[in-house]
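Count along the sequence shown from 1, then add 112; that gives the number in the working numbering. Built from N, CA and C at the ideal position, the CB exists for glycine as well. All figures in this text were calculated on a predicted structure; none of them were measured in a lab.
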Amino acid sequence: MKKLIYSLFVGASALLVTSCMEVDNFDAPDAHLTGRIIDLTTGENVLADQGECHVRIWEKSFKENPDPQDIPVKQDGTYNNTKLFKGTYDMVPEGAWWPADTIRAGLGSKLTQNFEVTPYLKLTDFKVEQAYPDSIQVSCRFYAPIEEGLPRILDIRPFLSLNQFCGAANCISHYSTLAKYKTNINKVWDKVDKEEDGLSKTYSFMVWVKPEYTYFVRMGVRVDDTFQKYNYTEVVKIEIPKAE
């Protein structure tokens, strides 16, 4: 009896080892999806922050309700993923813009898919100037390309970084946590303080900085939508000289 049990055990173990040694015959994911998120108001790439926005995709080839995957949008408004499976995908860009339509496309070896979006708000008249040896003046205005139905505007603020990646997700935390470096607006567009040209009033911040440092600076404003991400100005580099 003991010999029989032992033989069965050895046989089962051999089958288990054999099954574990079977070769995976699936090809590694090597399909390439890339593209641009284009600002419809300018025809240029959106002014983003590294990793704040994304292109959400669903592979529809084998499953009716697949889990989503997100491809981060880079600061230059592009996205890129070289490790996807070939197949059929639903895709939609999600970020600080009016909701875009979901599209369906087949992904072979490589697909370039651009998306055109309209930002909730556009920032303009952006200025960064050294005011004193230990401070800079940062200011801008904004407007709404589409006014009707615009979500409530939450706040506007400056962002400072010590490298070219600058925004809410990539900034010096000292400036993003102090209340004096943020103006809460909490108004719908019709109630926002405006100047005669219909754009918002100028929002200005005096920001303390260190001499002999180089800063990368931009401003952002956001609305109360699902994502609450910022629309941005361009990034400006400013070198603070040695204090005399």
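Could you give the DSSP three-state label for Asp302: helix, strand or coil?
helix
Classify Asn177 as buried or exposed, calling it buried when 16 or more other Cβ atoms lie within 10 Å of its own Cβ.
exposed
How do the stretch 314-322 and the stretch 183-199 stand: do at least 3 beta-carbon pairs fall below 8 angstroms, yes or no?
no
Would you kindly check if the distance between the Cβ of Leu159 and the Cβ of Thr345 is under 8 angstroms?
yes
Just to confirm the assignment, what range does the alpha helix (DSSP H) spanning Ser285 have?
Ser285 to Thr289
Is Asp142 near His166, with beta carbons less than 8 angstroms apart?
Taking 8 angstroms as the cut-off, the Cβ atoms of Asp142 and His166 do not count as close.
Specify the secondary structure class of Lys292 as computed by DSSP and reduced to three states.
helix
Tell me which residues share the same chain as Lys195 and place their Cβ nearer than 6 angstroms to its Cβ, disregarding the 5 neighbours each side in the sequence.
Pro141
Could you give the C-beta distance for Trp301 and Ile265, rounded to a whole number, given that I count them as a contact under 8 angstroms?
7 angstroms
Among Thr236, Glu171 and Ala208, which residue has its Cα nearest to the Cα of Gly218?
Glu171
Are the beta-carbon atoms of Arg148 and Asn226 separated by less than 8 angstroms?
yes
Going by DSSP, name the residue or residues bridged to Trp210.
Trp210 pairs with nothing; no bridge assigned.
To the nearest angstrom, report how far apart Glu351 and Thr236 are at their CA atoms.
The alpha-carbon atoms of Glu351 and Thr236 are separated by roughly 22 angstroms.
Which word fits Lys175, buried or exposed, when buried means at least 16 other C-beta atoms lie within 10 angstroms of its C-beta?
exposed
In the structure shown, what three-state DSSP assignment does Lys349 receive?
strand
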